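With our numbering applied, the sequence shown covers 4 to 377.
For each residue, glycine too, the CB sits at the ideal point set by N, CA and C.
All figures in this text were calculated on a predicted structure; none of them were measured in a lab.
One structure is given below, encoded as structure tokens.
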Amino acid sequence: MKIALVSPYDYGYPGGVITHISDLSHSLIDAGHIVNIIAPLSDPNPDIEESFIRLGRSFPIPSGGSIARVSLSIWLQPQIKRILEKENFDIVHLHEPLAPFLPLVILRLSNAVNIGTFHAFHGSSKLHWASKYVLENTASKLDGRIAVSNPAREYAAKDFPGDYKIIPNGIDTKRFSIPTAPIGEFKDDKLNILFVGRLEKRKGLNFLLEAFSDLKWDYPNIRLIVVGTGNGDKDALRIIAERHIDDVLMIGGSSHSDLPRYYQSADIFCAPATGGESFGIVLLEAMAAGKPIVATNIDGYSSVMTNKKEGLLVNPANSQSIKLALEELINNRQLREELARNGKETAARYDWTNVSKEIMEYYESRLEIRRKEK
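Okay, here's the thing in structure tokens:
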């Protein structure tokens, strides 16, 4: 089968959708399919897949408390038309088909079986509203609709009602579960708490920092490791500066190969996001690595983990709630180990071998419907 995976987002910037597309492409290729990734790319990167097709550069647009880097060029239409005619894809799989403009143009021009995956869950996404009326005329060309979670389905269905198949994000469990050497500087007697995510306000790092600052008085042997790019959380930076917190390490971005090592270096993983998450891929990464979790009880996270099974769910935007949960795990090694064991079992269900099989079955069902219509 010949498949195009389309991203509206710049392929050179890490993010959940980009990771999803990259991992899905590898899984489909391993299964014997021909896959091309189509996306904007501002800075050419020799490490990107050979099958990558670059379409335009991207521009940053505020969206749902984050920054989305999308192509806004409407002049790509002739190039898109040539690519679709040349490649003659069986499946064109558009990720975030509500995002302007690349997915919308491809959807309008594509004669393949068109599948849309809806990842987002934002209360007032500018990308969503900006594209709503543009997509209304082309939405009928979607032969199938996938949502990565119930929150993502409910968000998309508000403006675009229809049948949605829930297929979650996948994870390469082997990448995170196979023991790797922890980061050398963290191999001491301190207990490491890990945060992984973009440094944006909605990720809630400021609440974790407040909790950590309070805990540090009673537990001087704890350390907070912050892995992520960006500078959009000014409150977090202010808290670090004002409180002079010891043992907070701002790592910045991590390479693909080093990220599992940060998880392996952790004793507890904390995801304090305040909302806007359709899924909890970082939770699955931590589970696969065998780490107990403290996470906020938001829709995207509670759809992946259960309170007191893989970790502890706490009130969002509440540093005291985060503090109490972290304190419980700091003091109870046996509980940490029990939650970690449960998490590894949960993560295994989301392995890409299972998720990509479900996606392929969905492709085939949509192809069969198209054949019957001819």
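Unbroken beta strand (DSSP E) run spanning residue i, endpoints
i: Ala274; result: 271-274
i: Val95; result: 94-98
i: Asn39; result: 37-42
i: Ala7; result: 5-9
Supposed contact pair residue j and residue i - C-beta distance, whole angstroms, cut 8 Å
i: Ile242; j: Leu262; result: Going by Cβ atoms, the distance from Ile242 to Leu262 rounds to 25 Å, so no, they are not a contact pair.
i: Gly207; j: Thr277; result: 5 Å
i: Leu342; j: Pro295; result: 4 Å
i: Val297; j: Cys273; result: 5 Å
i: Ile170; j: Glu361; result: 5 Å
i: Leu58; j: Gln82; result: 7 Å
i: Asn300; j: Val317; result: 6 Å
i: Phe163; j: Ala142; result: 6 Å
i: Asp175; j: Trp355; result: 6 Å
Spatial neighbours of residue i in its chain, beta-carbon cut-off 8 Å, leaving aside the 5 residues before and after
i: Ser359; result: Leu27, Ser30, Leu31, Ala34, Gly173
i: Leu218; result: Ile225, Lys326, Leu329, Glu330, Ile333
i: Gly293; result: Ser180, Ala343, Arg344, Gly346, Lys347
i: Asn153; result: Ile169, Asp302, Ser306
i: Ser268; result: Pro185, Ile186, Phe189, Lys190, Asn195, Leu197, Ile228
Three-way DSSP call (helix, strand, coil) for residue i in this model
i: Phe210; result: helix
i: Phe282; result: coil
i: Lys168; result: strand
i: Leu227; result: strand
i: Leu252; result: strand
i: Gly59; result: coil
i: Val358; result: helix
i: Tyr365; result: helix
i: Val307; result: coil
i: Ala71; result: strand
i: Ser54; result: coil
i: Ala133; result: Because Ala133 carries a pLDDT of 49, less than 50, the predicted location of this residue cannot be relied on, and the following value inherits that uncertainty. Helix, per DSSP.
i: Ser128; result: Unreliable positioning characterises Ser128 in this predicted model, as indicated by a pLDDT of 48, which lies under 50. The coordinate reading is nonetheless provided below. DSSP places Ser128 in coil when its eight states are reduced to three.
Residues near residue i in its chain [Cβ-Cβ closer than 6 Å; skip 5 each side]
i: Gly346; result: Met290, Glu313
i: Gly119; result: Leu97, Pro100, Leu145, Arg148
i: Phe121; result: Ala150, Ala155, Ala159
i: Arg374; result: none
i: Val9; result: Ile41, Leu97, Pro106, Ile109
i: Asn310; result: Leu316
i: Asp238; result: Asn209
i: Leu227; result: Ile196, Phe215, Val251
i: Pro11; result: Val73, Glu99, Ala102, Leu105, Pro106
i: Phe55; result: Ile40
i: Pro319; result: Thr277, Thr299, Ile301
i: Ala7; result: Asn39, Ile41, Phe92, Val95
i: Leu79; result: Leu58, Gly59
i: Ile37; result: Lys5
Identified DSSP bridge partners for residue i
i: Ala298; result: Ala274, Leu316
i: Leu194; result: Ile225
i: Ala150; result: Phe121, Ile169
i: Val108; result: None; Val108 has no bridge partner.
i: Ile186; result: Answer by DSSP bridge pairing: none, since Ile186 is not bridged.
i: Ile64; result: Ala71
Where the alpha helix (DSSP H) containing residue i begins and where it ends
i: Ala239; result: 237-246
i: His29; result: 19-33
i: Ala343; result: 336-351
i: Tyr16; result: Premise fails: Tyr16 is in no alpha helix (DSSP H) and is neither H nor E.
i: Glu88; result: 80-90
i: Leu262; result: 262-268
i: Thr176; result: 176-180
Sequence-distant residues of its chain with Cβ nearer than 7 Å to residue i (five each side left out)
i: Val307; result: Phe282, Gly283, Leu286, Leu287
i: Lys84; result: Leu112
i: Ala115; result: Phe92, Asp93, Ile94, Val95
i: Met253; result: Val229
i: Ile51; result: Tyr14
i: Leu75; result: Phe62, Pro103, Phe104
i: Gly18; result: Tyr12
i: Arg336; result: none
i: Asp166; result: Arg148
i: Ala133; result: Since pLDDT at Ala133 reaches only 49, below the 50 mark, its modelled position is unreliable, and no value is offered.
i: Ala280; result: Reading the sequence as shown, one finds Glu at residue 280 and not Ala. So the list reads Phe124, Ile301, Gly303, Tyr304, once near-sequence residues are dropped.
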